[in-house]
Each structure stands twice: as C-alpha cells, then as structure tokens.
Amino acid sequence: MTFKTIKSYFLITVGIIINSLGWTAFLIPSKIVGGGFSGIGTILYYSMGIPVGVTLAVSNAVLILIAIRLIGAHFGIKTIYGIFLSSGAMLLFQSLITEPLVNDAFMATVLGGFLAGAGVGIFFYQGASSGGTDLIALIITKFRDIAPGRLLFMMDVVIIGSSYMVFQSLETIIYGFVAMAIAAYSIDMVIEGRKQSAQIFIISDEYDKISERLGKELRRGVTILNGKGWYTNKDKNIVMVIVRKNEIPWVLGIVHETDEKAFTSISNSMGVYGEGFETMKRKKKRS
Numbered sequence: 001m002t003f004k005t006i007k008s009y010f011l012i013t014v015g016i017i018i019n020s021l022g023w024t025a026f027l028i029p030s031k032i033v034g035g036g037f038s039g040i041g042t043i044l045y046y047s048m049g050i051p052v053g054v055t056l057a058v059s060n061a062v063l064i065l066i067a068i069r070l071i072g073a074h075f076g077i078k079t080i081y082g083i084f085l086s087s088g089a090m091l092l093f094q095s096l097i098t099e100p101l102v103n104d105a106f107m108a109t110v111l112g113g114f115l116a117g118a119g120v121g122i123f124f125y126q127g128a129s130s131g132g133t134d135l136i137a138l139i140i141t142k143f144r145d146i147a148p149g150r151l152l153f154m155m156d157v158v159i160i161g162s163s164y165m166v167f168q169s170l171e172t173i174i175y176g177f178v179a180m181a182i183a184a185y186s187i188d189m190v191i192e193g194r195k196q197s198a199q200i201f202i203i204s205d206e207y208d209k210i211s212e213r214l215g216k217e218l219r220r221g222v223t224i225l226n227g228k229g230w231y232t233n234k235d236k237n238i239v240m241v242i243v244r245k246n247e248i249p250w251v252l253g254i255v256h257e258t259d260e261k262a263f264t265s266i267s268n269s270m271g272v273y274g275e276g277f278e279t280m281k282r283k284k285k286r287s
C-alpha cells in the first residue's frame, strides 16, 4: 500500500468522524432532521428507538447488494469502507453523546450542518461516499436521465418534510432545511477550496534565479514570457507560474528573498487543468 493510498484512507476516516460528530453532537440530540439516510435514521430513532448507526448499516448493506447487481461494483472499495465506518462511528458517538453540546437549537443547526457538510466534502474529495441517498441516486441515474443533484435535493426535501410526522413542528422542518443548506455550502467550500489556484506574473531582472527556485522548491512548471516596458522601452522577461492558493506565500517568499524590487501580480484562476492540477473530464457529445 502506497503512502498516497494510506493518506487517502486517513482523510476519509477524518472526514467521516467529523461528519458523524456533526450529527451525533449537534443535530440528532437537538431533534433536527437533515437530509440523507442520517435524517431517516434520526426520524426512526425518535419514533422507534433504533440507533442511527443501525439504520445506516442495514439500509446501506441492502443498497450495496442492489447496486452491485444492477450497476456492478465499480463504485469502489472506498465507498464500502466509508459506509461501514460511518455506521460504526454513528453507533459509537451516539452511545457516548446523549445531550447536544450546545443548548441553542439554531446554534446546533449551524454547527451540526457545517461539520456534517465539511466531513462529506473531505471524503468526497478522496473519492469516497457514505452511501445512503448517494447510492440511490447512482442507481436511478443509471437507468433514468435525471440530474443527480436535483434527485438528491428532492429526496432530502421529502426526508426533512417527513420529520413533521414525528415532531409535529414546523420549526424543526425549518431547522432541517437550514442545516441542509449549510451542509451543502460546507461541501462546496471544502471541495472547491482545495481546487482554487492562482496565476502569478513576476517581472524581475533576477527572473532566472526566481524561476530556478520555483521549479526546485515548489516543483511547479514555470513559463518565461517576453515583454517590453512601455516607459523604459526595455525588453523584460516575465515569469508566469500557476500554483495552489496555499502555495502563494511560498512564491512571495522566494520572490522577496531573491529580488525585493520585483513586480508581482496575482490573480485568481477559475479552473486549471493539466499535470499537477485537475483532470479535464470528457463531456458527452450532444445528440
């Protein structure tokens, strides 16, 4: 097993623990029903006393068998790992945490939704899933031309709305939708935040030293562009490099140490595809 694989499973585990804590420390004990199978598990817990982890384990086990039979096992070992680890974490944390960590319902909604979404974002980024409605959407979209996002949203609306049968409270439903919105935002923030990149232009007489250090220390490709100063009428070599947002301080440090008078421009990149960044996915041709 390579270091990259170990790191991936470690991050999946961390994400699932964070997600489970969001549910068991804030949402479930505050009687707030979010989306997904965890939301269904919360409803069954307060109506029938079944622990959420049990609901997740049984329902996902059935879904895995159906998914393997209908679409094959290509959804991956990471998803199966995520499903059973999530069930176990829910069982463990729910047995240890019997009261919400905060008494205010709205604060519990915000914190629970944020942690639940952030956890999902972490293990989604590693190519894993905790199953549930994700697997249902995967099965349905295999045979029906329905957008997965719309399908998941519709299922979450039904699940959260169903909480009225147990709690007889519109306030609970509203809190559920707030938690769902915060979780969705957190997922996007985690996933897209990891992808954000910056395009940096550096104008310096020490362009060769800066380029060499960027290549060796950051292991990023560097492009030298030919330019000409309008005021000085002198030829200039411009260093262009694209890096992740968290690498910007390293670039600025290298530039400052090499040439304090260098002119540096930084701009956001909406998408960067290629070696060291994202892989461009092939889109289906329109019929």
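Under the UniProt record's numbering, the residue at position 57 of the sequence shown is numbered 57, and the numbers go up by one with no gaps.
Just so you know, even glycine gets a beta-carbon here, dropped at the ideal spot from N, CA and C.
This structure is a prediction, so every number in the text was calculated from the model and none was measured.
Among all the DSSP beta bridges, which residues are the ones paired with F201?
-> M240, S265
Please report how far the alpha carbon of S38 lies from the alpha carbon of F106, in whole angstroms.
-> 19 Å
Close Cβ partners of T79 (< 7 Å) along its chain, the five nearest in sequence each way excluded = A128, S129, G131
Name the one or two DSSP bridge partners that N226 has.
-> N237
Mark K284 as exposed unless 16 or more other C-beta atoms lie within 10 angstroms of its C-beta, in which case mark it buried.
-> Confidence at K284 is low in this model, with a pLDDT of 49, below 50, so the placement of that residue is unreliable and no value is reported for it.
Compare the beta carbon distance of L85 and I12 with 9 Å and say whether it is the shorter of the two.
-> yes
Would the beta-carbon of I210 fall within 9 Å of that of V243?
-> Not closer than 9 Å, so no.
Looking at the unbroken alpha helix (DSSP H) that takes in S87, where does it start and where does it end?
-> Note, S87: alpha helix (DSSP H), 77-96.
Counting only the same chain and skipping the five closest in sequence on each side, list residues whose C-beta sits under 6 Å from that of G227.
-> K236, I238
Given A116 as reference, the closest of I159, S162, T258, G35 once Cα atoms are compared = Residue G35 is the option with its Cα nearest to A116.
Would you call the CB atoms of residue 310 and V120 closer than 9 Å?
-> No statement about residue 310 is possible, as the shown extent of the chain runs from 1 to 287 and does not include it.
Contact under 9 Å by Cβ, P51 with S95 | yes
Rounded distance between the beta-carbons of I43 and V58, thought under 8 Å = That belief does not hold up - the Cβ atoms of V58 and I43 are roughly 15 Å apart, past 8 Å.
Rounded C-alpha distance that separates Y231 from F263 | Y231 and F263 have their alpha carbons spaced roughly 15 Å apart.
Beta-carbon proximity of V62 to G41, cut-off 9 Å = no
In its own chain, which residues sit with a C-beta less than 6 Å from the C-beta of I266, not counting the 5 before and 5 after it?
-> Counting only residues of its own chain and dropping the five nearest sequence neighbours on each side, I266 has a CB closer than 6 Å to the CB of A198, I200.
Roughly how many angstroms separate the alpha carbons of G22 and G112, rounded to a whole number?
-> 4 Å
In this structure, does DSSP put V208 in helix, strand or coil?
-> It should be pointed out that residue 208 corresponds to Asp in this sequence rather than to Val. DSSP places D208 in helix when its eight states are reduced to three.
Note down the Cα distance separating E257 from I16, rounded to an integer number of angstroms.
-> 41 Å
Inter-residue Cα distance where the pair is P249 and G215 = 15 Å
From R286 to I140, what distance separates their C-alpha atoms?
-> With a pLDDT of 46 at R286, under the threshold of 50, the modelled position of this residue cannot be trusted; read the value that follows with caution. When rounded, the distance between both Cα atoms is 21 Å.
Reference I77; option with closest CA among S30, Q126, I18, V190 = Q126
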